Amino acid sequence: MVGAIGAFVGWALGAFWLGMALVFALELARQLLNLFQFEDWLRNRNRRNPPDGSGLWGELVSQVSRLHRRKQFHKQRILALFRELRRSTASMPDGVVALNQAREIVWFNRKAAELLGLKRKTDFGLSLAGLLRVPEFTRYLQKGDFTRGVVVPPRVGESIALEFQGVPYGEGQVFLLVRDVTRQIQLERMRKDFVANASHELRSPLTVIAGYLETLALDSELPSELRPPLEEMRRQSERMTAIISDLLELSRLEASDEQVEGATIDITALMAVLRKDILAREGMIHSIDVRIESPENLRGDLGLIQSAFWNLLDNAVKYSPGGGTIVLRWWVDKQGGHFTVTDQGPGIPAEHLPRLTERFYRVDKGRARHMGGSGLGLAIVRHVLQRHGAELMISSEEGRGSTFACHFPVTRLISSTVANP
Ligand code: ADP
Numbered sequence: 004m005v006g007a008i009g010a011f012v013g014w015a016l017g018a019f020w021l022g023m024a025l026v027f028a029l030e031l032a033r034q035l036l037n038l039f040q041f042e043d044w045l046r047n048r049n050r051r052n053p054p055d056g057s058g059l060w061g062e063l064v065s066q067v068s069r070l071h072r073r074k075q076f077h078k079q080r081i082l083a084l085f086r087e088l089r090r091s092t093a094s095m096p097d098g099v100v101a102l103n104q105a106r107e108i109v110w111f112n113r114k115a116a117e118l119l120g121l122k123r124k125t126d127f128g129l130s131l132a133g134l135l136r137v138p139e140f141t142r143y144l145q146k147g148d149f150t151r152g153v154v155v156p157p158r159v160g161e162s163i164a165l166e167f168q169g170v171p172y173g174e175g176q177v178f179l180l181v182r183d184v185t186r187q188i189q190l191e192r193m194r195k196d197f198v199a200n201a202s203h204e205l206r207s208p209l210t211v212i213a214g215y216l217e218t219l220a221l222d223s224e225l226p227s228e229l230r231p232p233l234e235e236m237r238r239q240s241e242r243m244t245a246i247i248s249d250l251l252e253l254s255r256l257e258a259s260d261e262q263v264e265g266a267t268i269d270i271t272a273l274m275a276v277l278r279k280d281i282l283a284r285e286g287m288i289h290s291i292d293v294r295i296e297s298p299e300n301l302r303g304d305l306g307l308i309q310s311a312f313w314n315l316l317d318n319a320v321k322y323s324p325g326g327g328t329i330v331l332r333w334w335v336d337k338q339g340g341h342f343t344v345t346d347q348g349p350g351i352p353a354e355h356l357p358r359l360t361e362r363f364y365r366v367d368k369g370r371a372r373h374m375g376g377s378g379l380g381l382a383i384v385r386h387v388l389q390r391h392g393a394e395l396m397i398s399s400e401e402g403r404g405s406t407f408a409c410h411f412p413v414t415r416l417i418s419s420t421v422a423n424p
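Count along the sequence shown starting at 1, add 3, and that's the number in this note's numbering.
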């Protein structure tokens, strides 16, 4: 088309090539002008209307306009979504902090800023553990086991206790939920104090009653019809004394979550004492089989560990009234040290196993009370083990017997050559 116009102009001017050159130059100038307008609009397309144009340029402008509109639409949608998300996390009652793989702060909501004293601009990119400087929390983040949360007592200059719960996501990133648990901790402390004080207060009057009952029982002039009730009263006062002394022991154990350091416990000697003491009991019909399969010893508090192991052995005897062999076993493997007590008693139905270490939980309430137990023995065992970083596991098969296992971490083991150089 342009060539034809050029040829015509050339013919009209009488100079063919001059006409052609002139028309092509004009066409080039027009295209350049279009290109310039197009580029100018692209640069300022938010403020300018698209240039008028037909043909190829018009098509190009409308294509770009459409793409631009679509992009604007998605951008607005994402922005609205983001604002919505920010508004909803800001109104959450819990604090949320997003951490990257290096455990640096990527983002946090308003509540987290309030609870942790974070400042929006300056604290992004900083290490949260470094900011808080609480050893329990640093260990929690380093360990990376987020199945449970961690409670951090009030920090220096602060009055609130916090609970952190990590939620891993993506590739090594973590969402940290932060809650103010000051009230729960206060209530828990009040409950513990109450139990400790009540037990303490009850102990003295009970000692007096038990003392009189003892004296009365020894009185030879006591009418014979009074003997059975008096004997029963004496037995019950003994039970109450046992319950109160167990409650006090539990309160002492609960007073701190700190791990006990302790010293080397000679496992062979401890097993020998347990065996001797239980066999010395009146009316013992069980045989005790001690199996020490590893030479390693345990690091812990001898008094606490002895009372925990004794509790398990005492239960094994109490709850297998038909007799049989009770096996005490100690061995060490890659996971740590293990102490187990296995009896050949009637066993425990599976549904009771998860609740057995709760205070006053008994499988057969009537029978267990009759046996004289306080119902606190296994709760005490669990606490003693917790203070040693250890765990109590119970397995049982009805009709065949039960095994109570204490699993100690490797860090609690002491090789016998070090213990007895
Ligand atoms: P208790 O003072 O009643 O013995 P524990 O806390 O020591 O309290 O034990 C809780 C309950 O667990 C017991 O009442 C009993 O029902 C059950 N139990 C504990 N050890 C055994 C065992 N070796 N075999 C069967 N049942 C057991």
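Note that CB positions come from ideal geometry on N, CA and C, so glycine has one too.
It should be emphasised that the depicted structure is a prediction, and the values quoted were computed from it without experimental measurement.
Determine the extent of the alpha helix (DSSP H) in which residue i is found, giving its start and end residues.
i: I288; result: Looking at the DSSP string, I288 is not in any alpha helix (DSSP H), and its letter there is neither H nor E.
i: V64; result: 58-93
i: Q189; result: 185-221
i: T414; result: It is not in any alpha helix (DSSP H) - T414 carries neither H nor E in the DSSP assignment.
i: V366; result: V366 -> no alpha helix (DSSP H), and no H or E assigned at all.
i: T150; result: Segment: none, T150 is in no alpha helix (DSSP H) and carries neither H nor E.
i: P54; result: Note, P54: premise wrong, no alpha helix (DSSP H); not H, not E.
i: D126; result: 123-126
i: A15; result: 5-16
i: H386; result: 380-389
i: D249; result: 230-257
Could you check which residue in the options has the C-alpha nearest to that of residue i?
i: T271; options: L388, G265, K279; result: K279
i: I177; options: Y143, D183, E191, S91; result: At residue 177 the sequence reads Val, which differs from the Ile that was named. Among Y143, D183, E191, S91, the Cα nearest to that of V177 is on Y143.
i: F127; options: A393, A105, R136; result: A105
i: M193; options: S377, F85, I417, S254; result: S254
i: I288; options: H391, F312, G326; result: G326
i: Q189; options: V181, L165, R69, V344; result: L165
i: V159; options: E174, V137, Y172, G152; result: V137
i: S202; options: L119, L221, G13, L250; result: L250
i: D55; options: N49, L36, R72; result: L36
i: P96; options: V184, S57, L229; result: V184
i: G339; options: L307, L59, A408, L180; result: A408
i: S419; options: V154, W14, L102, D269; result: D269
Taking all protein chains shown into account, decide if residue i is buried (16 or more other Cβ within 10 angstroms of its Cβ) or exposed.
i: F363; result: exposed
i: G348; result: buried
i: S227; result: exposed
i: L282; result: exposed
i: W334; result: exposed
i: K78; result: exposed
i: V100; result: buried
i: E299; result: buried
i: S377; result: buried
i: R33; result: exposed
i: R284; result: exposed
i: V421; result: With a pLDDT of 49 at V421, under the threshold of 50, the predicted position of this residue should be treated as unreliable, though the coordinate-derived value follows. Burial call: exposed.
i: K124; result: exposed
i: G133; result: exposed
i: N314; result: buried
i: M396; result: exposed
i: D346; result: buried
i: V170; result: exposed
i: F312; result: buried
i: F2; result: There is no way to answer for residue 2, as the model of the chain reaches only from 4 to 424.
i: I247; result: buried
i: A18; result: exposed
i: F167; result: buried
i: N49; result: exposed
i: N423; result: Note that N423 scores 46 on pLDDT, short of 50, meaning its location in the model is unreliable; the coordinates nonetheless yield the value given after this. So N423 ends up on the exposed side.
i: D317; result: buried
i: Q266; result: The displayed chain sequence assigns Ala, not Gln, to residue 266. Exposed, since its Cβ has fewer than 16 Cβ neighbours within 10 Å.
i: N112; result: buried
Which residues mark the beginning and the end of the beta strand (DSSP E) in which residue i is found?
i: M396; result: 394-400
i: V276; result: Note, V276: premise wrong, no beta strand (DSSP E); alpha helix (DSSP H) at 270-282.
i: V26; result: Unbroken run through V26 is the alpha helix (DSSP H), 19-46; no beta strand (DSSP E).
i: N314; result: From DSSP, N314 is part of no beta strand (DSSP E) but of the alpha helix (DSSP H) over 305-321.
i: L165; result: 165-172
i: T328; result: 327-336
i: L102; result: 98-102
i: V154; result: 153-155
i: F111; result: 108-111
By DSSP's criteria, residue i is part of a beta bridge. Which residues make up the other side?
i: T406; result: T345, S398
i: F178; result: A101, V170
i: G340; result: V335, F411
i: N300; result: I417
i: T267; result: R302
i: V293; result: L331
i: L130; result: For the sequence presented, residue 130 should be read as Ser rather than Leu. DSSP, once it has assigned bridges, lists E107 as partnering S130.
Taking only heavy atoms of ligand 3 into account, decide whether any of them is closer than 7 Å to the Cβ of residue i.
i: G369; result: By its list of ligands, the structure shown excludes ligand 3, since it contains just ligand 1.
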